[in-house]
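Q: Per my numbering, the sequence shown runs over residues 17 to 539.
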Amino acid sequence: MATKVYLNEISNVDVGRRNILFHPLEPPPKYIFNDVINSIYVGRTEILNVPFHWDFRYLTNPHIAIVGITGSGKSYFIKTFLTRASFVWNSNSIIIDWAGEYKDWVLQTGGKVVSLGRGNYINLLDLGGMKPYDRIKQVLRSLSILTDLSQFPEQKRLTAEAIEQAYIKAKFKMDSVEQKDELGRPLEPPTLKDVVKILEEKAELGTYEFPAELDNAIYRLKQFTRPGEDYFAQKSTVDLDKLVSSGLVDIDLSGLPDERFRALGALVILQFIAEKMRASGWLSKKGLRLLVVLDEAWKISKDENSDAVMIIREGRKYGFGLIIASQNPTDIHESIFSNVGTTFILKVKFDKYLDYLQNSLNFSDYIRERITTFGVGQAAVNLAFHTPEKFPQTFIVKKIEGEEPSKDVFIELKEVASEVMKEMGTTAIPFKVSELRERLRRFGMDETKVEMVVKAFERNNRHLDAVTLVVLLERMGVERKNLAEFFKEMGVDDESLINIFSKADLRKEGKKGELTSVVLEDE
Ligand SMILES: Nc1ncnc2c1ncn2[C@@H]1O[C@H](COP(=O)(O)OP(=O)(O)OP(=O)(O)O)[C@@H](O)[C@H]1O
Ligand SMILES: [Mg+2]
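1) Might you give, ordered along the chain, the residues of its own chain that have their beta carbon closer than 8 Å to the beta carbon of I161, omitting 5 neighbours on each side?
2) In chain order, which alpha helix (DSSP H) runs of at least 4 residues are fully inside the region 147-173?
3) Between the region 351-370 and the region 71-91, can you find at least three pairs of beta-carbon atoms closer than 8 Å?
4) Determine the DSSP secondary structure at R453, reduced to helix, strand or coil.
5) Any heavy atom of ligand 1 within a distance shorter than 6 Å of the CB on K90?
6) For I82, verify whether its CB is less than 6 Å away from any heavy atom of ligand 1.
7) Which of the three DSSP states is assigned to N232 in this structure?
8) Do you know offhand how far V122's Cα is from R294's?
9) For G32, count neighbouring Cβ atoms within 10 angstroms of its own Cβ and tell me buried if that reaches 16, exposed if not.
10) What three-state label does DSSP hand L37 in the structure shown?
11) Assign L37 to one of two classes, buried (16 or more other C-beta atoms within 10 Å of its C-beta) or exposed (fewer than that).
12) If we count the other Cβ atoms within 10 Å of its Cβ and call it buried at 16 or more, is M190 buried or exposed?
13) By a C-beta neighbour count over all protein chains shown, 10 Å radius and 16 as the cutoff for buried, is E428 buried or exposed?
14) Whole angstroms are fine: how far does the CA of L373 sit from the CA of D311?
15) Answer with buried or exposed for F103, where buried requires no fewer than 16 other C-beta atoms within 10 angstroms of its C-beta.
16) Could you name the residues that DSSP lists as bridge partners for S131?
17) Suppose the cutoff is 6 Å on Cβ atoms and the five residues either side in sequence are ignored; what does the same chain contact list for P43 look like?
18) Compute the minimum distance between the beta carbon of V392 and the heavy atoms of ligand 1, and state whether it is under 6 Å.
19) Go ahead and pull the three-state DSSP assignment for F196.
20) If I measure Cβ to Cβ from G135 and keep anything under 8 Å in the same chain, skipping five residues before and after, which residues do I get?
21) Does the Cβ-Cβ distance between R478 and V425 come in under 7 Å?
22) Assign F226 to buried or exposed, taking buried as 16 or more other Cβ atoms, counted over all protein chains shown, within 10 Å of its Cβ.
23) Of the residues A176, I111, I416, which one's Cα is nearest the Cα of D150?
24) Looking only at C-alpha atoms, which of K365, G391, T359 sits nearest to F379?
25) Between the C-alpha atoms of E530 and K524, what's the straight-line distance to the nearest angstrom?
26) In chain order, what residues of the same chain lie with their CB nearer than 6 Å to the CB of S88, ignoring the 5 residues before and after it?
27) So the beta strand (DSSP E) A395 belongs to, where does it begin and stop?
28) Assuming contact is defined by CB atoms lying nearer than 7 Å, are G127 and G263 in contact in what I supplied?
29) Just curious, the beta strand (DSSP E) that D521 is in, first and last residue?
30) By DSSP, does S380 sit in helix, in strand, or in coil?
31) Please go through the same chain and pick out, in chain order, the residues whose beta-carbon is closer than 8 Å to the beta-carbon of T403, but skip the five residues on each side of it.
32) Measure the C-alpha to C-alpha separation of G271 and F447 and round it to an integer number of angstroms.
33) Spatial neighbours of G335 within its chain, please: C-beta separation below 6 Å, excluding the five flanking residues on both sides.
34) Here's the rule I'm using: 16 or more other beta-carbon atoms within 10 Å means buried, otherwise exposed. How should G526 be labelled?
35) For T359, report the span of its beta strand (DSSP E) as first-last.
36) If you check the beta carbons only, do K209 and A249 fall under 7 Å apart?
Here it is, written out as structure tokens:
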């Protein structure tokens, strides 16, 4: 069969418009590199090397799911993201910190840590601006997620009734947001202990026709009121009203004794956040008002009734974004997973998880293959655009480029400083870690060595004495003349420099080949 081929002259622009001829490999820059002022920088795309700026205006919503094996870089990305969001949009953040892994970082960056179970309590019956009737529904929902309450309607009814009585006894108006006593002072909400007491009194009367139901209802609540385990059954020490507008807040759940208590803590916080969200009104300006992070909170991420789902559904219009991270994508409920606007897939190994991801996000086998061999910080990004245009929604970011907190390290000079330097009070040289890294790279050191040196500082409370540093760097192949130049630039005088090098020589002779134990400076 003969085929005739006709050649026509057409302009490049026209060629570009023809999707049949030009199928882009990554989303067009318009969607990932547009308004660099109002977006969050993540890293460069692999193929076209475009700096990817996350801009949720083009996405179905601002919510983000992050999956990846342990150590793949989920928490690192979250820290980077929150840092930039606070910078770009002045966003507040609340981290629901299952394992307490964000605590140190939050403190370092000047945020607040609320450690539940370690001196901080939340009263489950606090209203957080809600009417008691609404709050009762939420409390029952939490108890249903965490216990078998929903299987026992009569016990559920008894519990609800007793909570209501506890509020009434404490002079609360059931259908009101305003709760004041006769003198206009705020009322003190009851606790679960009061609820248990009411049920016990009812049991003592002996007139109720299903005593076993009553006993079981009491028993269930008592799990949360025993002395030492009454984290949610005493007066709140946390100002829930302020939570959503306090900059960076870490809700550290690691001090609670088990998964059930942690889940309860997380659920309560989410409920209050969702409530504040509704009360805060729509956000008309650009950006996000609050970012809520759920890292490894599988118990709540799995349940459709948790308020995480509510924030996903309604967050966009209020400027609330949810960031949900897990090692196991199947732990994130489908109604969350299929509704987030952005998914970051870091390294994933299990076929079961890859199947799940590929089925819901529809990326190519090539990308699937790549995900299994990603290095730390490398990610496939899936964006759910709300444009009808056709282009790939999943692309690879070479490396998430992180924002580290401005941490200082110190080169100690105490033992080597000349009298002059001592008089000037210069007995240590401070560095930002990023600056130190940059300096080390200038010595021609590769990244592995750079990291080893940074680690040496970190292992010693971030203080390393100059002599140890010199021994370490010389062993890594840095020349003495470069070291001398480095110290001089840092303001170290000749006399001190001679001290440093002669002590380094002594040490090398004394203990051949072996790095002298690093001096620990307590300050
Ligand atoms: N993009 C990155 N650039 C440089 N270092 C990174 C990057 N991502 C992660 N790291 C480093 O890798 C280590 C592990 O990262 P991270 O704690 O974020 O892993 P994770 O996925 O949260 O693991 P887990 O599931 O165990 O919590 C950390 O020391 C972190 O500093
Ligand atoms: Mg982590």
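Backbone N, C-alpha and C fix where the C-beta goes; we use that ideal spot for every residue, glycine too.
A: In terms of the structure at hand:
1) A279, L283, K315, I316, D319, N321, S322
2) 148-162
3) yes
4) helix
5) yes
6) no
7) helix
8) 27 Å
9) Low confidence applies to G32: its pLDDT is 48, below 50, so where it sits in the model is not reliable, and the reading given next is rough at best. Answer is exposed; the Cβ neighbour count stays below 16.
10) Low per-residue confidence applies at L37: pLDDT is 46, beneath 50, and the placement is therefore not dependable, though the value from the model is reported in the following sentence. If DSSP states are grouped into helix, strand and coil, L37 belongs with coil.
11) At L37, the pLDDT of 46 sits below 50, so the modelled position is not reliable and the matter cannot be decided from this model.
12) exposed
13) buried
14) 18 Å
15) exposed
16) D268
17) F407
18) yes
19) Note on residue identity: the sequence assigns Lys, not Phe, to residue 196. DSSP places K196 in strand when its eight states are reduced to three.
20) T253
21) yes
22) exposed
23) A176
24) T359
25) Its pLDDT being 46, under 50, E530 is placed unreliably in this model, and the coordinates cannot settle the point.
26) L362, K363
27) 395-399
28) yes
29) D521 -> not in any beta strand (DSSP E); alpha helix (DSSP H) instead, spanning 510-526.
30) coil
31) Y47, Y74
32) 34 Å
33) L299, L304, R305
34) exposed
35) 358-361
36) yes
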